[in-house]
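Heads up, the thing below is written out as structure tokens.
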Amino acid sequence: MTVCRSLPSEIIREILSRLPVKSLCRFRCVSKSWLSLILDPHFVKMHFNKAIESEDVFYQRRKLLFTNEQFDAIYSLDLDDFLNRYDDPFLSGLGNYSNVGVIGDDSDGYVMATTLKLPGISVSNYFSQNWSLESFCYGLVLFKLDSKLYVANPAIREYKKLPAPWEELGPEPSSSSGLGFGFDHSTDDFIVVKWWSLKDGIKFSVYALKTGSWRPIQGRFPYTTGSAFGGTGILLNGGLHWLMKRLEDKSRVIVSLLLADNEVREIPLPPDLTDVGDWDYLPLGLFFRESLCIARTVVEFVDETTATSNNHFWVMKEYGVGESWTKRKFSYGFAFSLLPSGYWRENHVLFYSRVSQELGMYNFNDLSCRDVWIPGFPIVTGAGFYVESLVSLD
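FYI, the numbering for the sequence shown is 1 to 394, going by the UniProt record's numbering.
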């Protein structure tokens with residue numbers, strides 16, 4: 001049998017672009033030409049685009065990041081491997097199942113999650129830090145460590161500490177602030193956005209990964225926020241989105257900051273949500289990676305000791321069109337607002353509750369749901385998906 005000793009470079013690139021990041025990191029030692037190829041920015045982009053183009057590649061590279069009860073570390077979990085350990089018909093989405101049951105068993109003692117370790121952070125101090133996950137974008141993660149901002153690529157164990165943006169604000173008091181993390185396709189650059197809510201409006205400042213510096217956006221924008229508003233921006237269609245209030249009449253609205261030109265736009269809320277109370281928490285999220293959604297929980301007391309919660313979700317079917325909001329409703333064991341943390345497969349959506357600090361999964365195909373327990377982690381204080389990539393922070 002004749003063994004082909006060489007392949008056209010195009011075929012090699014195509015094969016390598018489908019492989020996991022861990023394998024490619026090992027293959028950098030094969031030869032200088034492979035090292036050059038794997039580090040090439042065009043190949044890095046091609047490699048990531050495979051996860052967008054192919055669902056199989058997307059599932060292969062997708063990981064769940066979460067923090068624990070002590071906020072002392074970030075953990076990574078292959079959700080697909082984890083869920084495949086459990087023979088629960090709920091996961092197949094076939095038939096109708098009651099809203100009773102748990103995926104995962106905290107008593108089996110088998111911990112599948114691994115600690116995210118970054119070079120330069122002392123092992124002795126690793127579990128005495130205060131971590132919080134902020135946002136995810138194209139394989140990179142924005143997180144806080146002891147109130148300092150970092151951008152990291154967990155797959156290749158690179159990170160960058162960001163300079164403090166609030167020094168530019170000066171002595172002016174701020175009632176609240178928030179963050180956003182996105183990608184500007186016009187410059188092929190990752191962008192971090194910081195905003196402050198001031199007396200006369202919102203002030204934005206933008207950090208570009210390529211320049212390594214913050215740049216304030218000129219002017220103040222006529223919005224304000226509160227404890228139940230703002231949060232971390234949702235990236236969609238080239239813009240970051242937050243729930244805010246107009247300064248003029250205090251009405252709620254979704255505010256979008258376009259990363260390419262820093263233009264601020266408004267997106268209307270569903271009519272049902274325009275007059276809810278200031279303290280009614282309405283988390284903003286993404287539904288199946290492609291639609292804005294807003295969550296709200298309505299608690300109904302059956303008697304003095306028993307309550308049920310109806311979770312309402314409004315999904316914007318056509319971006320920017322207020323008339324396209326569609327309402328979904330389901331009952332779940334959580335008595336507080338849930339936020340979609342990502343979808344698993346087909347109609348299965350993973351939810352995270354910031355209040356009870358638990359994970360759950362809902363199947364919109366047969367309207368069934370399950371709690372999700374990660375062995376060794378009865379309480380999860382933050383959660384979100386990221387897709388492994390080769391994007392370097394150097």
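Backbone N, C-alpha and C define an ideal beta-carbon position, used for all residues, glycine too.
At a cut of 8 Å, does the region 287-295 reach the region 257-264 through at least three beta carbon pairs?
-> no
Contact under 8 Å by Cβ, Gly-320 with Leu-65 = Indexing the sequence shown from 1 puts residue 320 at position 320. Indexing the sequence shown from 1 puts residue 65 at position 65. In this structure, Leu-65 does not lie closer than 8 Å to Gly-320 by Cβ.
Near Lys-50, what residues of its chain come up, given a Cβ to Cβ distance below 7 Å and the 5 sequence neighbours on each side ignored?
-> Walking along the sequence shown from the start, residue 50 turns up at place 50. Correct list, in chain order: Ser-17, Arg-18 and Val-57.
Counting Cβ pairs closer than 8 Å, one from the region 386-394 and one from the region 135-144, do we hit at least three?
-> yes
Distance, Cα to Cα, Thr-2 vs Ile-12?
-> Mapped onto the sequence shown, residue 2 falls at position 2. Mapped onto the sequence shown, residue 12 falls at position 12. Only weak support exists for where Thr-2 lies, its pLDDT of 43 falling under 50; the coordinates are left without a value.
Give the straight-line distance between the Cα atoms of Leu-24 and Pro-119, rounded to the nearest whole angstrom.
-> Counting from 1 along the sequence shown, the entry for residue 24 is found at position 24. Counting from 1 along the sequence shown, the entry for residue 119 is found at position 119. If you take the alpha carbons of Leu-24 and Pro-119, they lie about 19 Å apart.
Could you spell out the range, first to last residue, of the alpha helix (DSSP H) harbouring Phe-48?
-> As a working mapping, residue 48 is identified with position 48 in the sequence shown. Its alpha helix (DSSP H) spans residues 41-53.
Taking only the alpha-carbon atoms, compute the straight-line gap between Lys-45 and Val-391 and give it to the nearest angstrom.
-> In the sequence shown, the residue the question calls residue 45 occupies position 45. In the sequence shown, the residue the question calls residue 391 occupies position 391. Cα to Cα, the separation comes out at about 8 Å.
Ser-124 (DSSP reduced to helix, strand or coil) = The residue given as residue 124 occupies position 124 in the sequence shown. Unreliable placement is indicated for Ser-124, whose pLDDT of 47 sits below 50; the coordinate value is still reported in the next sentence. Judged by DSSP in its simplified three-state form, Ser-124 adopts helix.
CB contact flag (Gly-180, Val-193, <8 Å) = If you number the sequence shown from 1, residue 180 lands on position 180. If you number the sequence shown from 1, residue 193 lands on position 193. Yes, these two residues count as a Cβ contact at 8 Å.
Counted within 10 angstroms of its Cβ, other Cβ atoms place Glu-358 as buried (16 or more) or exposed = Residue mapping note: residue 358 aligns to position 358 of the sequence shown, counting from 1. Counting C-beta atoms within 10 angstroms of its own C-beta, Glu-358 has 16 or more neighbours from the protein chains shown and is therefore classed as buried.
Taking Cβ positions, are Phe-377 and Asn-68 nearer each other than 8 Å?
-> Reading the sequence shown from its first residue, position 377 is the one you call residue 377. Reading the sequence shown from its first residue, position 68 is the one you call residue 68. Going by C-beta atoms, Phe-377 is nearer than 8 Å to Asn-68.
Alpha carbon to alpha carbon, how far is Phe-287 from Ser-324? Give it in angstroms, no decimals.
-> By one-based count along the sequence shown, residue 324 stands at place 324. By one-based count along the sequence shown, residue 287 stands at place 287. Whole-angstrom Cα-Cα distance: 14 Å.
Helix, strand or coil at Lys-194 [DSSP, three-state] = Residue numbering aside, residue 194 sits at position 194 when the sequence shown is read from its first letter. DSSP places Lys-194 in strand when its eight states are reduced to three.
Quick one: grab the DSSP three-state call for Leu-79.
-> Here the question's residue 79 lines up with position 79 in the sequence shown. If DSSP states are grouped into helix, strand and coil, Leu-79 belongs with the helices.
Looking only at its own chain, which residues have a Cβ that is under 6 Å from the Cβ of Lys-327, when we skip the five neighbours before and after it?
-> Position 327 of the sequence shown, counted from the start, is the residue given in the question as residue 327. Excluding residues within five positions, the ones whose Cβ falls inside 6 Å are Trp-314.
Span of the alpha helix (DSSP H) holding Ile-15?
-> Stepping through the sequence shown from its first residue, residue 15 is reached at position 15. Residues 9-16.
So what does Ser-177 bridge to, in DSSP terms?
-> The residue you call residue 177 lines up with position 177 of the sequence shown. Answer is Trp-196.
Relative to the C-alpha of Phe-43, which residue among Gly-285, Glu-55, Ile-234 and Ile-15 is closest?
-> As a first step, residue 43 is located in the sequence shown; it is residue number 43 there, counting from the start. The candidate whose alpha carbon is nearest that of Phe-43 is Ile-15.
Flag this pair as yes or no: are the beta carbons of Ser-205 and Ile-191 separated by less than 8 Å?
-> Reading the sequence shown from its first residue, position 205 is the one you call residue 205. Reading the sequence shown from its first residue, position 191 is the one you call residue 191. Not closer than 8 Å, so no.
How long is the line joining the alpha carbons of Phe-364 and Val-349, rounded to whole angstroms?
-> In the sequence shown, the residue the question calls residue 364 occupies position 364. In the sequence shown, the residue the question calls residue 349 occupies position 349. The straight-line gap from Cα to Cα measures roughly 8 Å.
Pull up the distance between the alpha-carbon of Met-361 and that of Ser-147, whole angstroms please.
-> As a working note, residue 361 is residue 361 in the sequence shown. As a working note, residue 147 is residue 147 in the sequence shown. Computed Cα separation, rounded: 31 Å.
Got a sec, what are the start and stop residues for the beta strand (DSSP E) Leu-258 sits in?
-> If you number the sequence shown from 1, residue 258 lands on position 258. DSSP places Leu-258 in the uninterrupted beta strand (DSSP E) bounded by 252-258.
Is Ala-164 buried or exposed, if buried means 16 or more other CB atoms sit within 10 Å of its CB?
-> Locating residue 164 in the sequence shown gives position 164, counting from the first residue. By the neighbour-count rule (16 or more Cβ atoms within 10 Å), Ala-164 is not buried but exposed.
Using the rule of at least 16 other Cβ atoms within 10 Å of the residue's Cβ for burial, across every protein chain shown, is Gly-109 buried or exposed?
-> Position 109 of the sequence shown, counting from 1, holds the residue named residue 109. The pLDDT assigned to Gly-109 is 46, lower than 50, so where the model puts this residue is not dependable, and the model offers no usable value.
Pull up the distance between the alpha-carbon of Ser-135 and that of Ser-6, whole angstroms please.
-> Stepping through the sequence shown from its first residue, residue 135 is reached at position 135. Stepping through the sequence shown from its first residue, residue 6 is reached at position 6. Straight-line Cα distance between these residues: approximately 42 Å.
To which residues does DSSP link Pro-216 through a beta bridge?
-> Position 216 of the sequence shown, counted from the start, is the residue given in the question as residue 216. For Pro-216, which the question treats as bridged, DSSP gives the partners Ser-205.
Use the C-beta contact count for Asn-237: other C-beta atoms within 10 angstroms, 16 or more gives buried, fewer gives exposed.
-> Within the sequence shown, the letter at position 237 stands for residue 237. Flag for Asn-237 reads exposed.
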